[in-house]
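One structure is given below, encoded as structure tokens.
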Amino acid sequence: MTTPSYRELPLIDAAGDYRHAWDVFPPDDNLGCLRRLTPEARGRGLATVTENTVVTISLPVNEPAPPLFGRKEIEHRMFAPTRNTVDDRLDSFFPQASTQWDGFRHVRAREFGFFTGYTGDFAANDRLGINHWAATGIIGRGILLDVAAQFHAPHDPDEWIIDAEALALAAEHAGVQVARGDVLCVRTGWMKRYQDSDLETRARLANERSWPGLAGSSAVAELLWDWGVCAVTADNPAVEASPGRTRDGSLHRRLLPLLGMPMGELFTFDRLAETCAELGRWEFLFVSVPLNLPGGVGSPGNAVAIL
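Add 3 to a position in the sequence shown, counting from 1, and you land on the number used in our numbering.
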């Protein structure tokens, strides 16, 4: 079956520019674009490993600290159930507080429903749960687009919106041909700014909803869909820019419920960018195994890059 181009997808609402891919996937689908991770696509990722170098691209689960969006700080407690053993437990653990995946239960396309148009009761089943992604993991070729370095992003790039043209130029600059089943990784520079900040600045950033990122436009959704990526990740809190431009719309709504494309947020790509620059290539094996939480809305990223 030939996958239709983005412009061939039907509009969800004749009054807008939001297109859906619900007819491309099975009616009870839980994977969406992760179906693009075929054995061939995974093999393309494995073929990039030449140095046997592993780089973590996930934050510690207790960062950012303080947590963003008013979440509570994670509480890690150790206790001794017997004289010779120690266990630990986590309280106030928010799976989406650190490096994380937004699952298909996270965003609804208004009255039209969640991915594939599902409007049922989530409590009754694990439909669209993150556990379906955990079954095989998100493992394939990763492509890093260091947009921050290429376009010399300013130190304080809060209003920097990355449009489709900039993404395409970044891929050209990296000398990569994005292929079906790739995991796209976008470095905006926000994470470096955050990690280089003092505690006072971090506390301010935790309460602000202003950061650089992808435009929420139909043009960006079109590029990602037509490139054939299975997922998109970024080193910022939402992949898309905030506050963004009103005329662009919501990239979360375009990707998660309508196209079935996973979004990964708060990844850390600084060390990976340095390693890629040293090796002179921007492709690697992307390895992420989401939390096997039945019915989960999201999951820690739990990800590494292998070169």
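Every residue, glycine too, gets a C-beta built ideally from N, C-alpha and C.
DSSP-derived helix/strand/coil call for residue i
i: V290; result: strand
i: M194; result: helix
i: T85; result: strand
i: W136; result: helix
i: D57; result: First, the amino acid is wrong: residue 57 is Val here, not Asp. The answer is strand: DSSP assigns V57 an E or B state.
i: H176; result: helix
i: D94; result: strand
i: P260; result: helix
i: G19; result: coil
i: R284; result: coil
i: L34; result: coil
i: R248; result: coil
C-alpha distance - residue i paired with residue j, whole-angstrom precision
i: A138; j: L294; result: 10 Å
i: R22; j: G267; result: 21 Å
i: G19; j: G219; result: 14 Å
i: R113; j: L147; result: 32 Å
i: E277; j: E211; result: 28 Å
First and last residue of the uninterrupted alpha helix (DSSP H) at residue i
i: L187; result: Note, L187: premise wrong, no alpha helix (DSSP H); beta strand (DSSP E) at 186-189.
i: A234; result: From DSSP, A234 is part of no alpha helix (DSSP H) but of the beta strand (DSSP E) over 234-237.
i: R47; result: 42-49
i: E243; result: E243 -> no alpha helix (DSSP H), and no H or E assigned at all.
Cβ-Cβ distance between residue i and residue j below 8 Å
i: A234; j: P265; result: yes
i: V150; j: T191; result: yes
i: V232; j: H109; result: no
i: L71; j: G106; result: no
i: F272; j: A306; result: no
i: D91; j: R80; result: yes
i: P297; j: N134; result: yes
i: E225; j: R10; result: yes
Residue range of the beta strand (DSSP E) that includes residue i
i: S302; result: 301-303
i: E203; result: Careful: E203 lies outside any beta strand (DSSP E), inside the alpha helix (DSSP H) at 202-209.
i: W214; result: Element bounds for W214: n/a, residue is neither H nor E.
i: Q103; result: 103-105
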